[in-house]
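Numbering (our numbering), first residue to last: 24 to 474.
As structure tokens, the structure follows; a few thoughts come after it.
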């Protein structure tokens, strides 16, 4: 089903009400969530109302982008939103409620059943990108002394809800002892206690563990579900692969948008003026950087008049230095995101990236210096000394950019700022300013000294 077909709903006389409802409900609700941002506010609300089940509305509301979700919720009002949230999984309901201001959160929670509100309040304490923030508090928790036959009978009769094929065994204080799978239960004698079929090597994540650690552990252990525990090993909920994947995709998108200097929110869902407002501040950074660069060139104007040929190579030097800086920053930012860079190897990786910048600076400085020195006379009408001046400038500018690019993510991390910013316009502009200053200083110094 295509976007153009869905737009038939809003063309006069094209579809009757039953036909419009049938068209919307014949579509996969994940596809609807993905393309909703292409419609006006009124059209989004209309499509949402045409969905014929509460479950579909919940999925569309949860899976669509944040701006569209806000527009639909504003149209619904809290009175219609609360019944939808009430029957949603607690972790998904929490994600939606967290997008509201604190006073609206309190108003929505007040209208929910007391137990649901208590669970969501507990989840709101944790950041969305942590295990506690995305865990589901509804899971298969079983006391260690329960008999396998009794548990199976409860599941068959519906007295126990089935929340997946993992069962987590706890003691009387809810401390995690291990887990077993549904197939273990089906093959166990009815007289066995569940702790007799329990596997005690269950990997766990802490409530405050970042999403990256959760994803890495799932990948390493080949598990689709992990229990979330506190420091005392008391189990609070579970995180599942689909939740981790969704958050990781959102985090990756945010990092990429940050790297190129745009909004962290979904840029495809934003209106043109909203995009301008979110991107203009980043462009202002580049504008200021350009003014600073012009000021630096002005300080060298008297020397430049004597050695104007060094200006021919400014774009080349800045491009080379900028690339080296971004390479170092990207490697470290990615390593931090995937968990490949930890405290024990952090120093080694940073030193390695700085060394790469120094070596590349020396390599390209020497090559360019030699080539420019040879070509200076016949092609540029300048002295061979130009090669030495430009070569030294390249060595220093590229080495400095490699150092800044490698250290910037560490500095931002210490300041509790997203390290992804270090690959964005701010640091790129700083690299340009520093590279230009170092290049002009080194090259004019060589000409002044030896020319």
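The beta carbon of each residue, even a glycine, is placed where N, CA and C say it ideally should be.
* Asked: Is the segment 38-56 touching the segment 70-89, taking contact as three or more C-beta pairs under 8 Å?
  -> Yes, since at least three Cβ pairs between the segment 38-56 and the segment 70-89 fall closer than 8 Å, the two stretches touch.
* In three-state terms, what does DSSP make of residue 100? -> Working through the chain shown from its first residue, we reach residue 100 at position 77. In the structure shown, residue 100 sits in coil (DSSP, three-state: anything other than H, G, I, E or B).
* To do: Could you tell me whether the Cβ atoms of residue 164 and residue 142 are closer together than 7 Å?
  => Residue numbering aside, residue 164 sits at position 141 when the chain shown is read from its first letter. Residue numbering aside, residue 142 sits at position 119 when the chain shown is read from its first letter. The answer is no: Cβ separation not under 7 Å.
* Just grab the DSSP bridge partners of residue 201 for me. => On the chain shown, residue 201 is found 178 positions in, with the first residue counted as 1. Paired residues: 192.
* Beta-carbon separation of residue 154 and residue 211 under 7 Å? -> Position 131 of the chain shown, counting from 1, holds the residue named residue 154. Position 188 of the chain shown, counting from 1, holds the residue named residue 211. No, they are not a contact pair.
* Asked: Is the CB-CB distance between residue 461 and residue 434 below 7 Å?
  -> Against the chain shown, residue 461 aligns to sequence position 438. Against the chain shown, residue 434 aligns to sequence position 411. Going by C-beta atoms, residue 461 is not nearer than 7 Å to residue 434.
* Near residue 105, what residues of its chain come up, given a Cβ to Cβ distance below 8 Å and the 5 sequence neighbours on each side ignored? -> By 1-based counting over the chain shown, the position of residue 105 is 82. These residues qualify, in order along the chain: 131, 134, 135.
* Take the Cβ of residue 115 as the centre, count every other Cβ of all protein chains shown within 10 Å, and call the residue buried at 16 or more, exposed below. => Indexing the chain shown from 1 puts residue 115 at position 92. When all chains shown are included, residue 115 counts as buried.
* With C-beta atoms as the reference, is residue 351 less than 7 Å away from residue 380? -> Residue numbering aside, residue 351 sits at position 328 when the chain shown is read from its first letter. Residue numbering aside, residue 380 sits at position 357 when the chain shown is read from its first letter. Closer than 7 Å, so yes.
* Burial state of residue 146 (16 or more Cβ within 10 Å) -> Stepping through the chain shown from its first residue, residue 146 is reached at position 123. With 16 or more other Cβ atoms within 10 Å, it is buried.
* Leaving out five residues before and five after residue 377 in sequence, what residues of the same chain have Cβ atoms less than 7 Å from its Cβ? -> Working through the chain shown from its first residue, we reach residue 377 at position 354. Around residue 377: 425, 426, 429.
* To do: Helix, strand or coil for residue 75, going by three-state DSSP, please let me know.
  => As a working note, residue 75 is residue 52 in the chain shown. If DSSP states are grouped into helix, strand and coil, residue 75 belongs with coil.
* Give me the Cβ distance between residue 190 and residue 203, rounded to the nearest whole Å; I'm assuming they're in contact under 8 Å. => Taking the first residue of the chain shown as position 1, residue 190 is located at position 167. Taking the first residue of the chain shown as position 1, residue 203 is located at position 180. Yes, residue 190 and residue 203 are in contact; Cβ-Cβ is about 5 Å, under 8 Å.
* Using CA coordinates, which residue listed in 268, 397, 94 is at the minimum distance from residue 64? -> By 1-based counting over the chain shown, the position of residue 64 is 41. The shortest C-alpha separation from residue 64 is found at 94.
* Boundaries of the beta strand (DSSP E) in which residue 362 is found, first to last residue -> Locating residue 362 in the chain shown gives position 339, where the first residue counts as 1. Per DSSP, residue 362 belongs to no beta strand (DSSP E) and is neither H nor E.
* Asked: Does the distance from the C-beta atom of residue 258 to that of residue 199 stay below 7 Å?
  -> Within the chain shown, residue 258 is the residue found at index 235, counting from 1. Within the chain shown, residue 199 is the residue found at index 176, counting from 1. The answer is yes: Cβ separation under 7 Å.
* Asked: Can you list, in chain order, the stretches of the beta strand (DSSP E) that have 3 or more residues and sit fully within the segment 114-169?
  -> 164-166
* To do: Spatial neighbours of residue 457 within its chain, please: CB distance less than 6 Å, with the 5 preceding and 5 following residues excluded, ordered by chain position.
  => Numbered from 1 along the chain shown, position 434 holds the residue referred to as residue 457. Taken in chain order, the residues that qualify are 423.
* Asked: Quick one: what's got a C-beta closer than 7 Å to residue 354's C-beta in the same chain, skipping five residues either side?
  -> As a working mapping, residue 354 is identified with position 331 in the chain shown. Taken in chain order, the residues that qualify are 376.
* Asked: So who's on the other strand from residue 229, going by DSSP bridges?
  -> Mapped onto the chain shown, residue 229 falls at position 206. 252.
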